[in-house]
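Colleague: So for the sequence shown, this note's numbering puts the first residue at 18; every next one is plus one.
Even for Gly, the Cβ is constructed at its ideal location relative to N, Cα and C.
Computed from a prediction, not measured in an experiment: that's the story for all the values here.
Questions regarding the structure given below will be posed in turn.
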Amino acid sequence: MSSQRIAVEVDEDGMLEARVVGANAFSGKVPMPLTAAADDLDVRLIRLFERWLQVRGRPWIPAEIRTFGALLHRALFPPEVWTWIRKASEGHALVRLTLTFPSESQHARLASVPWEFLYQPDKQFEQGWFLAGQHGYTLSRHIPSRRGIPHLDPIVRPRLLAIVSQPKTEQKVDADGVLAGIHDAAKQCDLEPEVVYSPSATELGEIVASWQPHLVQFMGHGRYDPGRGEGRLAFADPGGETNWVPDARMADLLVSPNWVPRAVVLHACDGGATDYEAGFAGVAPQLCRAGVQCVVAMQYPVTNNTATSFSTTFYRELARRQPPDVAVQTARSVIAAPEIGAGLIGVPVVYLHSDDPLLAEPEQEGKQ
């Protein structure tokens, strides 16, 4: 399959540029539309839509989601840059778009906008479409790792650690569907799964250090603490009560000088959420910056059924040796089907810092 990786990058001065990765092709730097004053109408409208997205139980009307996505498209892409991207995409079966935003400066807040809802508006002879669900495209975020970008060989016999975190003071975590999907994937790609129930944070660190999993699936509860500007995941303390583990601590538990998981999936309601003003404060980007190649999380609360459908599809596609961003794109389309909910298209977010494949092809497995 012919693919083209196009990076869309905003620098610390609010200048945007698109470029073809691995080629000397650039759109040229122009001011990003949303880097205007804080009281700009588009900024206020985006904040309004974000608040709507976070209201539990509120129905997501497709027309409203498309309007929000078109607003994001206008806020991110100057017309000349989007035209350049479409031209650079011609002739390729797969276009892999990555978004990069500054981690510091006054424009760091851009990283918190839910760009996964980007929608190419309708045109006279072209129906509009969501970038996160369009066939032939993938949409992910790039966060540079503090470890740099080492070459990563594909995994021949991956070990997957599934964590079901259920403090007795939190709502029940329904993990059966996700675990069934993991076991189905294990049959297709020689995956070795291990399930642990309600470990403490300390116990999790010990398990990761000793077993060294390539893939980690967290199923539990997450939240964002705006006062501290950090994401947190719920673990059980020795008495079974809730211990909210902050994102930096979570990164320390999963990543060590001797081992870094290749992929982490957060099946937590708010595990992918960041505050509009707080930049890289969520659990998912913290893990990616610590060195995890691929981190997938939910930006907004979802039901267990939605998380199960997403995770099951994601692991099935990985078992078929699809790249992580392609697997996420397929899973997004499944949960955003009309009978489920079009508003879910932008909820899953994927962070990458490397394009290296996760799983080895079957012929590679046979050689080792």
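Using the C-alpha atoms, what's the distance from P175 back to T347?
Modeller: Each residue's alpha carbon lies about 21 Å from the other.
Colleague: Taking the beta strand (DSSP E) that A253 falls in, what are its first and last residues?
Modeller: Here the beta strand (DSSP E) through A253 covers 247-253.
Colleague: Given 8 Å as the limit, is there contact between the stretch 189-197 and the stretch 145-157, that is, 3 or more CB pairs closer than that?
Modeller: Not touching, per the Cβ criterion.
Colleague: Hey, would you say L156 sits closer than 8 Å to I23, going by beta carbons?
Modeller: Not in contact: L156 and I23 (Cβ atoms no closer than 8 Å).
Colleague: Less than 8 Å between the CB atoms is what I'm expecting for V262 and L116, so what's the real figure, rounded?
Modeller: Between L116 and V262 the Cβ distance is about 28 Å, and since that is not below 8 Å, they are no contact.
Colleague: Quick check: what's the CA-CA separation for F406 versus G86?
Modeller: Summary: the structure shown does not reach residue 406, with the chain confined to residues 18 through 385, and so no result is reported for it.
Colleague: Can you tell which of L250, V309, P216 has the C-alpha that lies nearest to the C-alpha of Y368?
Modeller: Comparing Cα positions, the closest option is V309.
Colleague: Between which two residues does the alpha helix (DSSP H) containing E223 stretch?
Modeller: First-last of the alpha helix (DSSP H) with E223: 218-228.
Colleague: S227 to S273, Cα distance in whole Å?
Modeller: Cα to Cα, the separation comes out at about 11 Å.
Colleague: Verify whether the separation of the beta carbon atoms of K111 and S20 is less than 8 Å.
Modeller: This sequence places Leu at residue 111; Lys is not what is there. The answer is yes: Cβ separation under 8 Å.
Colleague: Could you round the C-beta distance between Q234 and L169 to whole angstroms and report it? I think they count as a contact, below 8 Å.
Modeller: Incorrect: roughly 19 Å between the Cβ atoms, too far for contact.
Colleague: Spatial neighbours of I180 within its chain, please: C-beta separation below 6 Å, excluding the five flanking residues on both sides.
Modeller: The residues are V213, F235.
Colleague: Is DSSP giving R36 helix, strand or coil here?
Modeller: Three-state DSSP puts R36 in a strand.
Colleague: Please determine, among Q151, M315, K46, D30, the residue with the shortest C-alpha to C-alpha distance to L250.
Modeller: Checking every option, the nearest Cα to that of L250 belongs to M315.
Colleague: What's the call for D30, buried or exposed, on a 16-neighbour Cβ count within 10 Å?
Modeller: Classification of D30: exposed, given that the 10 Å Cβ count is below 16.
Colleague: Using CA coordinates, which residue listed in S371, A128, L65 is at the minimum distance from I52?
Modeller: Sequence check: residue 52 is Thr here, not Ile. Considering only alpha carbons, the answer is A128.
Colleague: Contact check, D57 vs P119 under 8 Å by CB: the rounded distance?
Modeller: Not confirmed; about 18 Å, so no contact.
Colleague: Indicate the three-state DSSP secondary structure (helix, strand or coil) for P318 in the structure shown.
Modeller: Looking at P318 - three-state DSSP - the assignment turns out to be coil, as it is neither helix nor strand.
Colleague: Could you pull out every unbroken alpha helix (DSSP H) segment of at least 4 residues lying fully inside the stretch 298-353, listed in chain order?
Modeller: Those alpha helix (DSSP H) runs which fall completely within the stretch 298-353 and span 4+ residues are 300-306, 321-336, 341-352.
Colleague: Could you tell me which of Q151, Q303, R61 sits nearest to P161, measuring between CA atoms?
Modeller: Checking every option, the nearest Cα to that of P161 belongs to Q303.
Colleague: Which of the three DSSP states, helix, strand or coil, is assigned to T52?
Modeller: In the structure shown, T52 sits in a helix (DSSP, three-state: H, G or I).
Colleague: Do L335 and I172 come within 8 Å of each other at the CB atom, strictly closer than that value?
Modeller: It is not a contact, given that the beta carbons lie outside the stated cut-off.
Colleague: What residue does the beta strand (DSSP E) around I180 start on, and which one ends it?
Modeller: It spans 176-181 - the beta strand (DSSP E) in which I180 sits, taken as one unbroken run.
Colleague: From which residue to which residue does the beta strand (DSSP E) around E26 run?
Modeller: Its beta strand (DSSP E) spans residues 20-27.
Colleague: Quick one: Cα of K140 to Cα of R91, how far?
Modeller: Between K140 and R91, the C-alpha separation is close to 14 Å.
Colleague: Is the separation between the beta-carbon of I352 and that of F327 shorter than 8 Å?
Modeller: Cβ distance < 8 Å, so I352 and F327 count as in contact.
Colleague: Use the C-beta contact count for V282: other C-beta atoms within 10 angstroms, 16 or more gives buried, fewer gives exposed.
Modeller: So V282 counts as buried.
Colleague: May I ask you to report which of helix, strand or coil DSSP gives K104?
Modeller: K104 falls in the helix class under three-state DSSP.
Colleague: To the nearest angstrom, report how far apart W77 and G360 are at their CA atoms.
Modeller: C-alpha separation (whole angstroms): 5 Å.
Colleague: Whole angstroms are fine: how far does the CA of I82 sit from the CA of L62?
Modeller: Distance between the alpha carbons of L62 and I82: 13 Å.
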